[in-house]
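Enquirer:
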Amino acid sequence: MVGARITRIDNNYRESISPVERLAICLRFLATGDSYRTIGFSFRVGRSTVAGIVPSVAQAIWDCLVRENMPVPKEEDWRAIAAEFLERLHRAQVRSSTTTRIHIQLYSWL
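Here the numbering used here is used: the first residue of the sequence shown is -19, the next is one more, and so on.
1) Give me the residue from Gly13, Arg(-6), Glu56, Ala(-16) with the minimum Cα distance to Val0.
2) Would you say the region 25 to 44 touches the region -10 to 8, given that touching needs at least three Cβ pairs under 8 Å?
3) Taking the alpha helix (DSSP H) that Ile(-14) belongs to, which residues open and close that run?
4) For Arg71 and Ala38, what's the separation of their Cα atoms in angstroms?
5) May I have the straight-line CA-CA distance separating Ile(-14) from Leu66, to the nearest angstrom?
6) Measuring CB to CB, does Arg17 end up less than 8 Å from Arg27?
7) Distance, Cα to Cα, Cys44 vs Met(-19)?
8) Would Tyr2 be called buried (16 or more neighbouring beta carbons within 10 Å of its own) or exposed?
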């Protein structure tokens, strides 16, 4: 799925980094949050190589999976989201008004 997008062509000067290793470098960065320097050291590639691999592979993953896992909401979905938001907002306002009233009553009683 992602392999075709992250494959690079070998040339006369060097062999390209395999798609499996490119994916491993990107996933290692996303999972650990290590610096490019430490990831490059553990995979025996340069810091600038890691800096080129991570964004390109992450973009390829995003492009392949965004349509399947994050569909664009339809109008009725947006209405349901808005209704839930308003319900939560109303609950928060009711809760804050009841606690404010209790505090006012306590202070006036003392």
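No residue lacks a Cβ here, since even glycine has one placed at the ideal position from N, Cα and C. Please read these numbers as outputs of a predicted model, since none were measured by experiment.
Expert: Taking the structure as given:
1) Ala(-16)
2) yes
3) -17 to -14
4) 39 Å
5) 44 Å
6) yes
7) 7 Å
8) The identity of residue 2 in the sequence shown is Arg, whereas the question assumes Tyr. Label assigned to Arg2: buried.
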